[in-house]
Structure formats: C-alpha cells, structure tokens
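Contents: one structure, followed by commentary.
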Amino acid sequence: MTTTAQSALSALKLQKRTLRRTISKKLAEITDGSLDEQSHAIMTRVLAHPAVQRCRSISCYLNMPTGEVRTTHLTEKLLDEGKSLYVPRIIPTPSVSASVQGPGGTTTTMDFFRVYNKTDLHSIQPTGLWGIREPGDTTGTGEVRRRVLHIPSGQDQPDASIPTPTHELADLDVILLPGVAFDRTLSRLGHGKGYYDRFIAEYVHSGRKKPWLSAYTVVSLSIPFLSPRVKRGF
1 MTTTAQSALS ALKLQKRTLR RTISKKLAEI TDGSLDEQSH AIMTRVLAHP AVQRCRSISC
61 YLNMPTGEVR TTHLTEKLLD EGKSLYVPRI IPTPSVSASV QGPGGTTTTM DFFRVYNKTD
121 LHSIQPTGLW GIREPGDTTG TGEVRRRVLH IPSGQDQPDA SIPTPTHELA DLDVILLPGV
181 AFDRTLSRLG HGKGYYDRFI AEYVHSGRKK PWLSAYTVVS LSIPFLSPRV KRGF
C-alpha cells in the first residue's frame, strides 16, 4: 500500500471513529417511547417488503439493550410467518478467515444459529460485553441448532451418528443487520468490529448466493460519504 493510500485509510478510520462518537451521543438522547415507535415503523416496513415476504430463511440481529432498533417483535413476527430464523453469535474462530481479535487476545468470528420458535427465542439470554442475547449450541430441549457458516469443531466430516443440523449448513435469503449511520449513497457505517463484512465475504466465498441485505438505524444525521461496504436494501 502506498503512503498516500495509507494516509487516506487512516483519515477514513478517524472519520468513522468521530462519527460513531457523535452518533452515540445522539442515541443517548432518544427516549424509550421514540425508540419503540421507530422500531415499530421499521418492523412494519420490513415485513411488507417483497424480499422478506418471499424469503424462506432470514437472519436478524438481537439488539443491544440501548441505541439500536429493537427487534424482539420483528423476530416474533418472522417466526409467526413460518420463516426459518437465524440470529448471530460471536464464537471462537474455527479458522483464520472471517475473524477479528477479541477480548483478551482471543480470535473470534460471527456465525448465525437457528431459532426454532418463540419459546426458544425468549429463552436466549444476554452474554458477552455488550449485553446482547446470543443463542447456545443447543436449544433448551437439547436440539442441536443448525448453523450458517461454520461446522462445529471436531465435526468437519458428515457422520451418520451426528444429528443432521450439526454438519448441514443453512443458506440465507435475507440478512437484517444493525447500522450506526448511512451516507446519501446508503453505504453503511457499522460498529467498527467488521463482523458482518467478514461474514458476508466468507459466505459468498463458500459459493452461495449473496443474500439480500438491509440495515437500520434510529438516528438521522447528514454525514459525509463513506467507503462502500454494505448497502441498505431499501
């Protein structure tokens, strides 16, 4: 990388950090009532979109306790409509690809795990540093959750004695992801960890069709142009 390119990249990273700090302050000013109202409006729009209506499998993030579009009612509705729902979890990486450095120097990546019904959804508890609800490897009834990207460690080859979901990876038609901000071209600014960028790249690299992507935020600001990564679907 040339010196000019390195300088431009450093300037972009600084710009994004500054934007995240600015938006964090705005998010702190949003009332619970306003957040609920905006979340409901977004849910209505998502459920009405043709890409969501015709999809069979869909992933949706489970929101942080504050500062994100609330997705509990949305995920309930998706299950009510018979969609195969997958939600994200940060896990120790099975490979060097799609990974980032996590707390304590551990290498982590993101995968998506099947949620089978509303009872299963409501049983998922917060884990990790951000208070986000993340699914375990199995449901409360002991059913092994189907994954999207990674086969569980030690199960690299299909085995008739292992339940199918542990070695049969799922495909996604739609990914609903969180956004911190968007510019006028709808380029997305995320939380800065790169989990979704890496997940989508590895998913497509596996030979599967890129899912339809859509991201959301509850803050409206006029921001400069960002380098394109993930663009909102509508």
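The sequence shown runs contiguously to residue 234 in the numbering used here. Cβ coordinates follow ideal geometry from the N, Cα and C atoms, glycine included.
Considering only the alpha carbon of each residue, which of the options lies closest to residue i?
i	options	result
residue 200	111, 118, 141	111
residue 90	17, 194, 211	194
residue 127	204, 18, 65, 21	65
residue 237	31, 69, 217, 82	Residue numbering for the chain in the displayed model covers 1 to 234; residue 237 lies beyond these limits and cannot be assessed.
residue 115	93, 131, 145	145
residue 136	169, 88, 130, 208	88
residue 134	113, 143, 24	113
residue 47	206, 71, 143, 93	71
residue 147	36, 131, 24, 86	86
residue 169	24, 31, 203, 44	203
Residue j and residue i - do their beta-carbons sit closer together than 9 Å?
i	j	result
residue 108	residue 149	no
residue 42	residue 174	no
residue 61	residue 172	no
residue 34	residue 73	no
residue 51	residue 214	yes
Go through its chain and collect everything with a Cβ distance to residue i's Cβ below 6 Å, but skip five positions before and after it.
i	result
residue 118	76, 79
residue 68	178
Name the one or two DSSP bridge partners that residue i has.
i	result
residue 216	178
residue 145	Answer is none; residue 145 lacks a bridge partner.
residue 84	57
residue 43	Paired residue(s): none; residue 43 is not in a bridge.
residue 70	Partner(s): none; residue 70 has no beta bridge.
residue 126	133
Among residues of its own chain, excluding the 5 on either side of residue i, which ones have a beta-carbon nearer than 8 Å to its beta-carbon?
i	result
residue 139	116, 120, 123, 145
residue 56	83, 84, 173
residue 21	none
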